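**Student:** Before I ask anything, here is the structure I am working with.
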């Protein structure tokens, strides 16, 4: 990474979700903290795993500023508690939040519902990040330049269609249910970014979704079928560092603001499958409903834009 590009956010704050050691979230956090000089919040369900990530980063970069925090994206309450704790520990007067990297996710588990009663993959992979982004947008909009990154997947192409009514779909009776449900959550990521970019035009906040590639990490290892699929693809997998490359590009590359709303594969702006404006509008409205975002919160997030 070009030195000047890596230093453009120096001293600013980044929130990265899903920073388990050995995954692309932890590697992304390491580059942002160690090479870009950012203060990085490593957020995830397990505080001990986030601490492990921070320790790994500090071993490589002793001067790095990294902070572990608890965040369970499958729980609306946990998301709100995280944002409240973040605001208290890193107040706007003293800290500029410039990057939000929605990296955490789950892949193709057997069907279950979250504590909020929602289908787990859609809740964890899309609705939680949607709520987190909306609640942190007032902070992001304070910066001259800020970015929201959402790690999606080529699996967004799996479903035939995506509708707002799919936000809480029980797929237990569907063939290939867990995989198609995963794809629905990943398509929701893509259209969320498209619609968010449209609504944030002119605010200085740019947004990108991306496919990191098939990564040699632990994602999907909690499901036997997903594990078999993963092992069959090992010869095509990227290393964690390679997989994090697209995320890091979206975070740090200068001059890509004009591409806001794009779906990236590698460093290439790519046309996603089934992601029309009608779908984006429908999914946005359903996401507001299921994540229980209040009208005033939406106004604060978007600068009173509708």
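Residue numbers (our numbering): 18 to 323.
Even glycine gets a Cβ: it sits at the ideal position worked out from N, Cα and C.
Note that the structure is predicted; figures quoted are calculated from it, not measured.
Under 7 Å between the Cβ atoms of residue 208 and residue 87?
**Tutor:** Cβ atoms of residue 208 and residue 87: not closer than 7 Å.
**Student:** Under DSSP, the beta strand (DSSP E) around residue 86 begins and ends at which residues?
**Tutor:** Membership of residue 86 in the beta strand (DSSP E) is indicated by the continuous run 82-87.
**Student:** According to DSSP, simplified to helix, strand and coil, what is residue 231?
**Tutor:** Three-state DSSP puts residue 231 in coil, outside helix and strand.
**Student:** On the three-state DSSP scale, how would you describe residue 255?
**Tutor:** strand
**Student:** Return the CA-CA distance between residue 313 and residue 151, expressed in angstroms with no decimal places.
**Tutor:** 11 Å
**Student:** Along the chain, where does the alpha helix (DSSP H) that runs through residue 42 open and close?
**Tutor:** Element bounds for residue 42: 41-51.
**Student:** Are there 16 or more other CB atoms within 10 angstroms of the CB of residue 81, so buried, or fewer, so exposed?
**Tutor:** Label assigned to residue 81: buried.
**Student:** Look at the alpha carbon of residue 189 and the alpha carbon of residue 272, and state the distance between them as a whole number of angstroms.
**Tutor:** 45 Å
**Student:** Name the residue from 57, 303, 54 whose alpha carbon lies nearest to the alpha carbon of residue 181.
**Tutor:** Residue nearest to residue 181 within the set 57, 303, 54 is 303 (criterion: CA-CA distance).
**Student:** Measure the C-alpha to C-alpha separation of residue 213 and residue 228 and round it to an integer number of angstroms.
**Tutor:** 18 Å
**Student:** Scan the stretch 117-182 and note each continuous alpha helix (DSSP H) run of 4 residues or more that stays entirely inside, going in chain order.
**Tutor:** Taken in chain order, the complete alpha helix (DSSP H) segments of 4 residues or longer contained in the stretch 117-182 are 145-157.
**Student:** Pull up the CB-CB distance for residue 32 and residue 58, whole angstroms please, since I reckon it's below 8 Å.
**Tutor:** Residue 32 to residue 58, Cβ: 5 Å. Contact.
**Student:** How many Å lie between residue 225 and residue 76 at the Cα?
**Tutor:** 30 Å
**Student:** In the DSSP output, what is residue 60 paired with across the bridge?
**Tutor:** 34, 86
**Student:** According to the Cβ coordinates, are residue 174 and residue 282 closer than 7 Å?
**Tutor:** no
**Student:** Report the option in 89, 51, 62, 91 whose CA atom is closest to the CA atom of residue 72.
**Tutor:** 51
**Student:** What is the rounded straight-line gap between the Cα of residue 215 and the Cα of residue 298?
**Tutor:** 11 Å
**Student:** Can you give me the C-alpha to C-alpha distance between residue 60 and residue 178, rounded to a whole angstrom?
**Tutor:** In this structure, the CA atom of residue 60 is about 32 Å from the CA atom of residue 178.
**Student:** In whole angstroms, give me the CA-to-CA distance for residue 301 and residue 144.
**Tutor:** 10 Å
**Student:** In chain order, what residues of the same chain have a beta carbon less than 6 Å from the beta carbon of residue 277, not counting five sequence neighbours either side?
**Tutor:** 214, 223, 224
**Student:** Let me know if residue 205 comes out buried or exposed under the rule of 16 or more other beta-carbons within 10 Å of its beta-carbon.
**Tutor:** Result: buried.
**Student:** Reducing DSSP to helix, strand and coil, say where residue 280 ends up.
**Tutor:** strand
**Student:** Keeping to the same chain, check which residues put their C-beta closer than 7 Å to that of residue 318; ignore five residues upstream and five downstream.
**Tutor:** 151, 154, 155
**Student:** Using only CA atoms, which one of 98, 56, 35 lies nearest to residue 67?
**Tutor:** 35
**Student:** Within the continuous alpha helix (DSSP H) that includes residue 294, where are the two ends?
**Tutor:** 294-308
**Student:** By how many angstroms is the C-alpha of residue 69 removed from the C-alpha of residue 42?
**Tutor:** 13 Å
**Student:** Grab me the residues of residue 47's own chain with a C-beta within less than 6 Å of its C-beta, minus the 5 sequence neighbours each way, in chain order.
**Tutor:** 74
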